[in-house]
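*Asks:* Numbering (our numbering), first residue to last: 700 to 873. Just so you know, even glycine gets a beta-carbon here, dropped at the ideal spot from N, CA and C. Okay, handing you the structure first.
The following block contains the structure:
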């Protein structure tokens with residue numbers, strides 16, 4: 700197959716079903732870092748970090764803004780929000796000699812933990828930002844779920860495998 704992934708051509712950001720947000724400069728997706736515990740003792744030569752699968756450290760999703768507007772009011776409220784990011788990956792098909800756009804989606808639900816109002820300078824963007832603590836994230840490519848993490852409901856799915864199904868069962872959640 701001679702498909703060459705080139706770049707993110709463009710993206711749009713929607714907040715809780717409203718029209719797309721204007722003034723978004725870029726997005727910083729969260730790091731996925733498992734909670735770990737150091738294991739050592741008899742029978743182990745040294746120590747190692749053991750991940751608690753399905754349990755993640757704090758995950759931050761950041762929206763960087765060019766300007767401040769009334770569209771940002773929802774980010775100042777002490778309520779959970781849902782941010783729906785639609786992305787268009789540009790790929791080149793070397794056999795057909797043309798470009799294609801592949802739809803990706805990042806859906807985030809969480810709590811706003813920080814609003815940096817930015818710097819005010821004549822003729823310049825504000826360079827403000829909003830930071831969201833991620834409670835739920837789903838990443839899709841062409842409608843297929845690649846990753847889904849739901850911290851509240853003990854869900855950790857990668858490529859259609861639910862790695863926390865047995866954990867929920869052990870906890871009597873099913």
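With a 10 Å radius around its C-beta and 16 neighbouring C-beta atoms as the bar for buried, classify residue 823 as buried or exposed.
*Replies:* Under this definition residue 823 is an exposed residue.
*Asks:* Can you give the beta carbon distance from residue 803 to residue 847, rounded, assuming they're within the 8 Å contact cut?
*Replies:* Rounded, the Cβ-Cβ distance is 14 Å, inconsistent with contact.
*Asks:* Using the C-alpha atoms, what's the distance from residue 870 back to residue 849?
*Replies:* Rounded to the nearest angstrom, the two C-alpha atoms are 16 Å apart.
*Asks:* Taking the alpha carbon of residue 716 as the reference point, which residue from 832, 853, 806 has its own alpha carbon closest?
*Replies:* Per the Cα distances, 806.
*Asks:* Between residue 819 and residue 866, what straight-line distance do the alpha-carbon atoms span, to the nearest angstrom?
*Replies:* Taking the straight line from one Cα to the other gives about 49 Å.
*Asks:* From 828, 732, 826, pick the residue whose C-alpha is nearest to that of residue 919; which is it?
*Replies:* Since the first residue of the chain shown is 700 and the last is 873, residue 919 is not available in this structure.
*Asks:* Can you tell me where the beta strand (DSSP E) with residue 783 in it begins and where it stops?
*Replies:* Note, residue 783: beta strand (DSSP E), 779-792.
*Asks:* Does the Cβ of residue 862 have 16 or more other Cβ atoms within 10 Å, making it buried, or fewer, making it exposed?
*Replies:* Exposed, by the Cβ-count rule.
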